[in-house]
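Beneath this line is the structure, given in structure tokens, with notes to follow.
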DNA sequence: CAGTCTTATGTGGTCTGACCACAGGTTACA
DNA sequence: TGTAACCTGTGGTCAGACCACATAAGACTG
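Residue numbers (the working numbering), protein chains in the order written: chain A, 1 to 244; chain B, 245 to 488.
Here it is, written out as structure tokens:
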């Protein structure tokens, strides 16, 4: 009965099982596609469909050729797949920008709160964030470069929090927003003036974190995010709890 | 120069563009694979690799046969892809359970806070949540059935909040946790006693929401989640902000 | 004529075989 | 000994074939 699990699903399950049961770990090579196909009793095309999924999900990296560098390698790269997923969900109108922003508010508020509280008890490595902030002071930045650094700053905070899940989700949210931007649905109103304010707010956020002022940091970052989106022309079709 | 974008990426980009520019909307049919291949100048196998990605990401649904019901259909089903993604990230050890739980705490805390505040101003449809709670009172439930209802309850709250992004993320987090469970990494310590407490806490959470007591609801749900995971034997390799 | 049965058509699902380009190792030659 | 040519294994891609399935169109039967 061929109506069972589809062939590519068999491959995906096999890889997942190998991962869970320790036969595969980050850094390991998957067998060659042809070997995988023979071992699992499926065609090479089915194997390739499964590998493509794993690749988009950010679990493997592939390289052609021969030797140690070639083949599919397990890479646990949180965030890779999340970005593609959220961007496409936005494109398919499954996600609304207001929901994305709200999620960002919640997660980033948690991040800076945790970071600030951690700062009260021990040193926290915020060098990367500070470095990005310094780079943002350059007067020769284009709007696109500035926004890229802005993204990096916020992601560096997530990274510093050490929570891979939140970091990956944040990366996905940024990617979703950039999807809107690419579609021309989001543009900043008055750029030069805004950039100065954003810089100021960034410094304030980082200062509050390092001072261990958790509430101040949270409020600052949430105001920062809200303010940013308020200035963009994102259609704010906010979703609210369903009423009856 | 054949080292350009890979063929399947071309297909993925084309679909994403069609989505963004309104040529494709939820409910629409994609052209048949063979047509898509001919139109984009790639082989059918490449088209299939792209479609497989879209399917796993939850953007399309496919059906064999002919007629109106067959073919690939755009479906904006938030949550579908997130589940696969997070489950696999867990398998590949990119995500740690402590991070998953932390994210759940943050997001679910936000959900119930919003719901409670919404209840203060207008009626909110929490019928589904209440219904699930009622079903959980059945004395004939197995542990697996109970846990499935538990998942449904928490997801129904997310749904009621109306935020698709958070709902999808929550679904992914549950899926990740279930991945741990399948791997035998998480088992409840003392089942029968726990179930009674969980039921009680569920009722408390819903009551707090409906009473509009935002803080109480938030604290209750966070205690509920923390308590649950404290009783499981999940290896709690908590991640903390990086120190230097 | 109405209803059912058979057949045709279109679709996804899968496999096989064939190339190509590329990276690395191996061998032959200067 | 050092370099160049070749060989091998790998992913990337395509074309073609076949199957199973769902629907639609036509043929048959009462």
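For every residue, glycine included, the Cβ atom is placed at its ideal position computed from N, Cα and C. Note that the coordinates shown come from a computational prediction; the quantities given were computed from them, not determined experimentally.
>> Among the candidates 273/B, 378/B, 355/B, whose CA atom is the shortest distance from the CA of residue 313/B?
In response: Per the Cα distances, 273/B.
>> Given 7 Å as the limit, tell me if residue 344/B has its C-beta closer than that to any heavy atom belonging to the ligand FMN.
In response: Annotation note on the ligand FMN: not contained in the displayed structure, which lists no ligands.
> Opposite residue 29/A in the DSSP bridges: which residues?
Replying inline: Bridge partners of residue 29/A: 73/A.
>> Short of 8 Å Cβ to Cβ, which residues in the segment 46-58 of chain A face chain B?
In response: Along the segment 46-58 of chain A, the positions whose C-beta sits under 8 Å from a C-beta of chain B are 48, 49, 50, 52, 53, 54, 56, 57, 58, read in chain order.
>> Which residues in chain B have a C-beta closer than 8 Å to the C-beta of residue 170/A? List them in chain order.
In response: Ordered by position in chain B, no residue passes the 8 Å Cβ test against residue 170/A, which lies about 10 Å from the chain.
>> Can you list, in chain order, the residues of its chain with a C-beta nearer than 7 Å to that of residue 150/A? Leave out the 5 residues immediately preceding and following it.
In response: These residues qualify, in order along the chain: 198.
> Closest Cβ-Cβ distance between residue 13/A and chain B: below 8 Å?
Replying inline: Output row for residue 13/A: interface = no.
> I think residue 97/A touches residue 228/A, with their Cβ atoms under 8 Å apart; what is that distance to the nearest whole Å?
Replying inline: That belief does not hold up - the Cβ atoms of residue 97/A and residue 228/A are roughly 12 Å apart, past 8 Å.
> In or out: residue 211/A buried (at least 16 other Cβ within 10 Å) or exposed?
Replying inline: With fewer than 16 other beta carbons inside 10 angstroms of its own, residue 211/A counts as exposed.
> Which two residues bound the contiguous beta strand (DSSP E) that contains residue 307/B?
Replying inline: Run containing residue 307/B: 304-307, per the beta strand (DSSP E) assignment.
>> When you compare the CB of residue 318/B with every CB in chain A, is at least one pair closer than 8 Å?
In response: Yes - at least one Cβ of chain A is within 8 Å of the one on residue 318/B.
>> Can you check which of these residues, 35/A, 40/A, 32/A, 49/A, is closest to residue 8/A by C-alpha distance?
In response: For the residues 35/A, 40/A, 32/A, 49/A, the minimum Cα distance to residue 8/A belongs to 49/A.
>> Is the separation between the beta-carbon of residue 300/B and that of residue 328/B shorter than 8 Å?
In response: Closer than 8 Å, so yes.
> Hey, is residue 272/B's beta-carbon within less than 8 Å of any beta-carbon in chain A?
Replying inline: Not one chain A Cβ lies under 8 Å of residue 272/B.
>> Let me make sure I understand the geometry here. Which of 87/A, 213/A, 6/A, 111/A has the alpha-carbon closest to that of residue 154/A?
In response: The candidate whose alpha carbon is nearest that of residue 154/A is 111/A.
> From 347/B, 438/B, 363/B, pick the residue whose C-alpha is nearest to that of residue 466/B; which is it?
Replying inline: Closest option to residue 466/B, judged by alpha-carbon separation, among 347/B, 438/B, 363/B: 347/B.
> So, do the segment 446-460 of chain B and the segment 368-386 of chain B have three or more beta carbon pairs nearer to each other than 8 Å?
Replying inline: Taking 8 Å as the limit for Cβ pairs, the verdict is that the segment 368-386 of chain B does touch the segment 446-460 of chain B.
> Which residue from 352/B, 263/B, 370/B, 269/B puts its Cα closest to that of residue 451/B?
Replying inline: Residue 370/B is the option with its Cα nearest to residue 451/B.
> Would the segment 279-298 of chain B and the segment 35-52 of chain A be scored as touching if the rule is three or more Cβ pairs under 8 Å?
Replying inline: Note that the segment 279-298 of chain B touches the segment 35-52 of chain A; at least 3 beta-carbon pairs, one per stretch, sit closer than 8 Å.
> In this structure, does DSSP put residue 311/B in helix, strand or coil?
Replying inline: Coil, per DSSP.
> Do residue 268/B and residue 318/B come within 8 Å of each other at the CB atom, strictly closer than that value?
Replying inline: Closer than 8 Å, so yes.
> Among the residues of its own chain, which have a CB less than 7 Å from the CB of residue 132/A, if the five just before and after it don't count?
Replying inline: Taken in chain order, the residues that qualify are 149, 152, 153, 156.
> Excluding sequence positions up to five away, which residues of its chain have a Cβ less than 7 Å from the Cβ of residue 360/B?
Replying inline: Answer for residue 360/B: 452, 453, 456, 457, 458, 461, listed in chain order.
>> Beta-carbon within less than 6 Å of residue 323/B's beta-carbon, same chain only, minus the 5 sequence neighbours each way: which residues are those?
In response: Only residues of its own chain outside the window of five on either side were considered, and among them 412, 415 have a CB closer than 6 Å to the CB of residue 323/B, listed in chain order.
>> Using beta carbons (cut-off 8 Å, strictly below), is residue 246/B in contact with chain A?
In response: Note that residue 246/B has pLDDT 42, beneath the 50 cutoff, so the model's placement of it is unreliable and no number is given.
> To the nearest whole angstrom, what separates the beta carbons of residue 53/A and residue 351/B, a pair I think is in contact under 8 Å?
Replying inline: Not a contact, Cβ separation roughly 26 Å.
>> Among the candidates 146/A, 5/A, 81/A, 220/A, whose CA atom is the shortest distance from the CA of residue 196/A?
In response: Nearest of 146/A, 5/A, 81/A, 220/A to residue 196/A, Cα basis: 146/A.
> Given that residue 335/B touches chain A, what residues does it touch there, using C-beta distances under 7 Å?
Replying inline: Simply 16, 19, 20.
> Taking 8 Å as the CB-CB cut-off, is residue 149/A touching chain B?
Replying inline: Taking Cβ atoms only, chain B never reaches closer than 8 Å to residue 149/A, which makes this a no.
> By a C-beta neighbour count over all protein chains shown, 10 Å radius and 16 as the cutoff for buried, is residue 260/B buried or exposed?
Replying inline: By the Cβ neighbour-count rule, residue 260/B is buried, with 16 or more other Cβ atoms within 10 Å of its own.
> Which stretch, first to last residue, makes up the alpha helix (DSSP H) that contains residue 292/B?
Replying inline: Per DSSP, the unbroken alpha helix (DSSP H) holding residue 292/B starts and ends at 288-300.
> So which residues of chain B does residue 191/A contact, with C-beta pairs closer than 9 Å?
Replying inline: Result: empty, since nearest Cβ-Cβ is about 23 Å, beyond 9 Å.
> Would you say residue 138/A faces chain B, with C-beta separation under 8 Å as the test?
Replying inline: No, residue 138/A does not count as interfacial toward chain B.
>> Is the beta carbon of residue 325/B closer than 8 Å to that of residue 309/B?
In response: Going by C-beta atoms, residue 309/B is not nearer than 8 Å to residue 325/B.
>> Taking the alpha helix (DSSP H) that residue 361/B belongs to, which residues open and close that run?
In response: Going by DSSP, residue 361/B is part of the alpha helix (DSSP H) stretching over 341-365.
> Can you name the residues of chain A whose CB is closer than 7 Å to the CB of residue 350/B?
Replying inline: Neighbours of residue 350/B in chain A, taken as residues whose beta carbon is under 7 Å from its own, are 106, 107, 110 in chain order.
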